[in-house]
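Some notes on the structure that comes next.
Protein chains: 2
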Amino acid sequence: MTQTVKVTFFDPENSRELAHCIVARGTTVLEAALEAGVEIAATCGRRGRCRSCRVKVLAGEIAPPTLQDTIQLGPDGIRERFRLSCQMPAVADCGIAAMPETDELGHQILAGAGTFAPGALALDPGIEKRVIVAEAPQDENHQTSDIEQVLACLPADTSRDVPFDVYRKLPTVLREELGQMTVTAFHDAIIDVEAGNTSEKKFGIAFDIGTTTVVGSLHCLRTGEVLASMAAVNPQAVYGGDLMSRIAFAQFDAKKLQVLRGRILGMVNDFIEKMTKDAGVSPEHVYKIVVAGNTCMHHLFLGIDTSYVGLAPYAPVVRDPIAIPAGEIPLKRAPNARVCLLPILAGFVGADTIAGIIATRIHESEGIRLLVDIGTNGEVVLGSRERLLVCSAPAGPTFEGGQVRHGMRGAVGAIEKVDIDEDVTCQVIGDAPAIGICGSGLIDAVAKMRDAGVLDAAGRLWRPGVRPLPDRLQARIVKDGESRAFVLVHAAQGGRGEDVLLTQGDIRQLQLAKAAIYGGVMMLQKIMGVGDDQIEEVMLSGGFGNYVNIESAVRIGLLPPVPAAKVSYVGNTALLGAQLALMSEAERALSFEIARKIEHVALATRPEFQDIFVEACRLGAP
Amino acid sequence: MTQTVKVTFFDPENSRELAHCIVARGTTVLEAALEAGVEIAATCGRRGRCRSCRVKVLAGEIAPPTLQDTIQLGPDGIRERFRLSCQMPAVADCGIAAMPETDELGHQILAGAGTFAPGALALDPGIEKRVIVAEAPQDENHQTSDIEQVLACLPADTSRDVPFDVYRKLPTVLREELGQMTVTAFHDAIIDVEAGNTSEKKFGIAFDIGTTTVVGSLHCLRTGEVLASMAAVNPQAVYGGDLMSRIAFAQFDAKKLQVLRGRILGMVNDFIEKMTKDAGVSPEHVYKIVVAGNTCMHHLFLGIDTSYVGLAPYAPVVRDPIAIPAGEIPLKRAPNARVCLLPILAGFVGADTIAGIIATRIHESEGIRLLVDIGTNGEVVLGSRERLLVCSAPAGPTFEGGQVRHGMRGAVGAIEKVDIDEDVTCQVIGDAPAIGICGSGLIDAVAKMRDAGVLDAAGRLWRPGVRPLPDRLQARIVKDGESRAFVLVHAAQGGRGEDVLLTQGDIRQLQLAKAAIYGGVMMLQKIMGVGDDQIEEVMLSGGFGNYVNIESAVRIGLLPPVPAAKVSYVGNTALLGAQLALMSEAERALSFEIARKIEHVALATRPEFQDIFVEACRLGAP
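For the protein sequence lines, the chains are C and X, in the order given. Per the numbering used here, residue 1 is the first one in the first sequence, and the count goes up by one each step. Per the numbering used here, residue 623 is the first one in the second sequence, and the count goes up by one each step.
Quick look at the structure:
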């Protein structure tokens, strides 16, 4: 992968080039503009708290939107390829239209760069901090109590159902600062009281609890600003890499369920502790936590038996959205937080998928769009604002290197990119000698092998009798027991003194994995009656999607045959969806609505899926 | 105290005597009837579950009503002196009208014995156990979850806010008995699910958490029947016998507050464990717990800071009724119970007083009635259905033997009754040699000393110059330092080789204690404009009231000057009120209504109280 990128800036008025520069990959577009001598205002000091630095990405790879992008630019701005230049890293060569400063609330026609209507997200986390001056009871005859004196200063619809921790501290708080106190409420429910004025201190955390990875981000609830973020491997992984093995581990065994639960709660508590510490935030001031995760992660987080989630018909125990005090989970590190779990749709379509829909706004889309999360337990969403279909697409561990002879995760020594002309050239992570191949490398290798005629559409490796290959390629076809294999890296160049090769069996494995996903896509297209050309946009999400060569994915038929320009990587949509629900109760309410509206398709129950699956195994067009 | 009593039975039709018998004190009236050859039906087998054995107490001491009396006979029946003969112990000679069997729902005119209209309490504990057959999700395409399948079988208003423990066990429960399960709800909220039909098993517990004593009773929620009961000394007592010393112990010290809290929670958990074990009831089947206690006990039970309850203006932190899952307290021994705390009125007028009002129905009374709880922290309630006044009447420890030279609690060796004619005769608990005097003995002694001329109305002991006393009495007046004392038991007869005597100081102490209570009564009478003759009934409640000689209490002016027939002991009304709220949500709702309606009088803030108090110190009429 190249270490530098070229960023070219254009005048939005007339599309003429203003300047360009070469910067290190990952440099923000705002920094690149300074480097190139293009002036972009950054009123908030690069914190993503205003929209003065916004740009429009005219060409090249566009970064997935962040929460700041969404808050400042709104879903429409994001769809129109606007981004905050202070938040967007340049990861490949790109063309950027620098926007003139506008009045924060005004509209402006930007000739040559499309219309930009500010559609900022309304920040409404549901957490209200009110500063009141309440009088402690003064008169023995007056029939009152501490809490009644406080309630008298609050809106009439405030719930009288007050947590005990509030009662416990109230007598002191009420008398400490001559009655001046800050009352924090989640909707109509009081969640904390503090002496004095602490209204500025209002924080929340979004979590994406994935089977493989746990990601969290700490936000200021007044601005949405990210104050800290963390990611780590899900510590349940030692009891099984994938969902089914974890379900099996704890099946009909409440103690083992508690083991899994303890691991994830421990990590979430650690994340809260570390992020608040890093950001200099008091954990008592974390008032809202939103969690997105698949059904199994959701149930394990709550300590709910997952035994039957692993058995047909894979029914969840509960699907409704949940919002409960942290003490009930318990998340001891955020004692005052309300923990909100996004809703679930089915056993293998969880809150992460619902979050992904919110983040990508498929539910608002006029045209048909497709969201694909490639993973051990992938999901496919197809539709528009008219109708939404979803299915689970269990690809198995192939894309993580499982069940492939030289398969490995995307780590140093893994082939991640393959080029084939007269011979094979492999790009290896860390520029090290190859020791194996990762999922993105596998997809790329198979795509290039198809192009070179090493593989046919049915997935068969070249064999005598077929049109001959260039000599060097021909030489890479070797016997492998009763079958054959294709050598990607010869033993002499490899890191372990042996050939790194793809066997006929590995190819079959990839076909099954990709057919699980593309078969799901085809099934949903068939049910909805949508042809390939009707799909306006294909969005790849999840950790793996970031590394996939999009052309190759289309070439091997992992994705529908659409122009590569229609395909984009949209980032960790589960986390972004959780962040949106954190910052906006309207967005959280939307998650319930979507969960009610979307239709779940259970592929295994459809008689026609058998044929579709076989077709989906084909490695692209002949 | 005599060990046998005479029970005489009358024909209710013509008031002629049917038969009589002499039985051991404490024998139930039903057993006495069998002994006397009077036939009384006992359809339910003496469990207090029907009203076939009801009688009317025509003469003599009537036992305080039990929960069974209230359930079967209703408040009106109780006021009209009806009782269940299987529940009522004969504690003194009495006259009983044996009722003929009646149709359970019919009315009947009982000539000579008054009208008896069956007014049974409607049992409505708010706990519903529904047996349903729910189908586990069967179809992969059908968008559902375990809980949704269950909710579909329940009333539409059932809350979707389900406790986690239910989610945790639901998958197994739903699949264990082919979907047959029992769902327990408190109003619209699910609190438990069990496989199969367990609808018969529905229990609850009432607690009176007093400063001195903790009493609990376990009931069947279908019938009200008492299955077990327990009483013990409040284990907080080691940190202070009275409220104020406990408040002082934990004042501004959260750790010590936790110490007090831990003690009471430990005892309540022990009670639950032992009572359920004794009754052979599974603790999981205890669904409702009602707690009555004074403000301090209430706050300590919940772990709420009592620092300011002990400082003027003695405001509680919260007064609202509370109903929360046992896990939030936590009461681990009754994991599925909803714990309901009756409401509070003021710092020294707590849920025990509200419970006492419910139990005695003052709020429904046409005429003016007076409820007096004599104790270290006594309360006085005066009123009718028109208006209710309450005040706290802190008598201090005198009635428990405190601040009296030979004062002691009511234990073996305590003088409990005194007679004076030519000389003094003392009755001692356990017929042992006297070692001291308890509260009821003190009241009796002072009353008899007044009658004999040993004391004047101002509380002065006889002194030379006043009308002479019989010789033997005269001889009992001895010098005591600069003051005098009256010898109740001479050293030779005493248990410790010293005179048991009452000093002039002891008399003063009693005057202050009784003035605290009677001053409260006078103050409430004055505010309400009620003369002594307008008071229809005086009711003594609390543990101490049981031992007081009523004539003596009236004689010394602890109670207003009303005929002794108007005064009765009504038992532990805090517990009975809690039991009523346990068995009936309407009664629990009534407690909120009463708490809102009743007016609190803070004696110390009334300028006229000074004069009233001085007047209240007088030991009855000249």
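Backbone N, C-alpha and C fix where the C-beta goes; we use that ideal spot for every residue, glycine too.
Tell me the DSSP secondary structure of residue i in three-state form.
{"i": "K678 (chain X)", "result": "strand"}
{"i": "I662 (chain X)", "result": "coil"}
{"i": "M803 (chain X)", "result": "strand"}
{"i": "I362 (chain C)", "result": "helix"}
{"i": "V548 (chain C)", "result": "coil"}
{"i": "H299 (chain C)", "result": "helix"}
{"i": "V848 (chain X)", "result": "strand"}
{"i": "A859 (chain X)", "result": "helix"}
{"i": "K823 (chain X)", "result": "coil"}
{"i": "L388 (chain C)", "result": "strand"}
{"i": "L18 (chain C)", "result": "strand"}
{"i": "G734 (chain X)", "result": "With a pLDDT of 37 at G734 (chain X), under the threshold of 50, the modelled position of this residue cannot be trusted; read the value that follows with caution. Three-state DSSP puts G734 (chain X) in coil, outside helix and strand."}
{"i": "I835 (chain X)", "result": "Reading the sequence as shown, one finds Thr at residue 835 (chain X) and not Ile. It is a strand residue."}
{"i": "G699 (chain X)", "result": "helix"}
{"i": "H600 (chain C)", "result": "strand"}
{"i": "R130 (chain C)", "result": "strand"}
From the DSSP secondary-structure annotation, give me the bridge partner or partners of residue i.
{"i": "R369 (chain C)", "result": "C:G383 and C:E537"}
{"i": "D146 (chain C)", "result": "Paired residues: none, contrary to the question."}
{"i": "T28 (chain C)", "result": "C:P89"}
{"i": "K954 (chain X)", "result": "Paired residue(s): none; K954 (chain X) is not in a bridge."}
{"i": "K1039 (chain X)", "result": "X:Q1049"}
{"i": "F871 (chain X)", "result": "DSSP output for F871 (chain X) lists no bridge partner at all."}
{"i": "H219 (chain C)", "result": "C:G204 and C:V226"}
{"i": "S584 (chain C)", "result": "C:D124"}
Do you know offhand how far residue i's Cα is from residue j's?
{"i": "T223 (chain C)", "j": "L121 (chain C)", "result": "11 Å"}
{"i": "A973 (chain X)", "j": "V912 (chain X)", "result": "11 Å"}
{"i": "G997 (chain X)", "j": "H187 (chain C)", "result": "45 Å"}
{"i": "I205 (chain C)", "j": "V133 (chain C)", "result": "30 Å"}
{"i": "H363 (chain C)", "j": "P75 (chain C)", "result": "12 Å"}
{"i": "F249 (chain C)", "j": "A237 (chain C)", "result": "11 Å"}
{"i": "A735 (chain X)", "j": "A937 (chain X)", "result": "Residue confidence for A735 (chain X) is low, a pLDDT of 39 falling below 50, so the modelled location carries little weight and cannot support an answer."}
{"i": "H600 (chain C)", "j": "P163 (chain C)", "result": "38 Å"}
{"i": "I477 (chain C)", "j": "G459 (chain C)", "result": "14 Å"}
{"i": "R626 (chain C)", "j": "G327 (chain C)", "result": "Not covered by the structure: residue 626 (chain C). The range shown for chain C is 1 to 622."}
{"i": "G241 (chain C)", "j": "T212 (chain C)", "result": "7 Å"}
{"i": "H406 (chain C)", "j": "I437 (chain C)", "result": "6 Å"}
{"i": "V372 (chain C)", "j": "E400 (chain C)", "result": "16 Å"}
{"i": "L73 (chain C)", "j": "D927 (chain X)", "result": "49 Å"}
{"i": "G1024 (chain X)", "j": "G1167 (chain X)", "result": "17 Å"}
{"i": "E194 (chain C)", "j": "D875 (chain X)", "result": "18 Å"}
{"i": "E615 (chain C)", "j": "G519 (chain C)", "result": "8 Å"}
Can you find the residues in the same chain that come closer than 6 Å, C-beta to C-beta, to residue i, ignoring five residues on each side of it along the sequence?
{"i": "T172 (chain C)", "result": "none"}
{"i": "P687 (chain X)", "result": "I700"}
{"i": "G925 (chain X)", "result": "R883"}
{"i": "A733 (chain X)", "result": "With a pLDDT of only 34 at A733 (chain X), under the threshold of 50, the placement of this residue in the model should not be trusted; the figure read from the coordinates follows. E635."}
Can you list, in chain order, the residues of its chain with a C-beta nearer than 7 Å to that of residue i? Leave out the 5 residues immediately preceding and following it.
{"i": "K896 (chain X)", "result": "M852"}
{"i": "E587 (chain C)", "result": "I358, L580 and A581"}
{"i": "M889 (chain X)", "result": "V836, A854 and P857"}
{"i": "A646 (chain X)", "result": "Q625 and T626"}
What residues in its chain sit with their C-beta under 8 Å from that of residue i, if we drop five residues either side in the sequence?
{"i": "A564 (chain C)", "result": "I550, E551 and V554"}
{"i": "P935 (chain X)", "result": "G969 and A1224"}
{"i": "P1090 (chain X)", "result": "Q1096"}
With hydrogens ignored, establish whether the beta-carbon of residue i is closer than 8 Å to any heavy atom of the ligand MN.
{"i": "W462 (chain C)", "result": "The ligand MN is not among the ligands present in this structure, which contains no ligands whatsoever."}
- Query: In the region 458-544 of chain C, which residue ranges form an unbroken beta strand (DSSP E) of at least 3 residues, counting only runs that do not cross its ends?
  - Reply: 477-480, 483-489, 500-503 and 535-541
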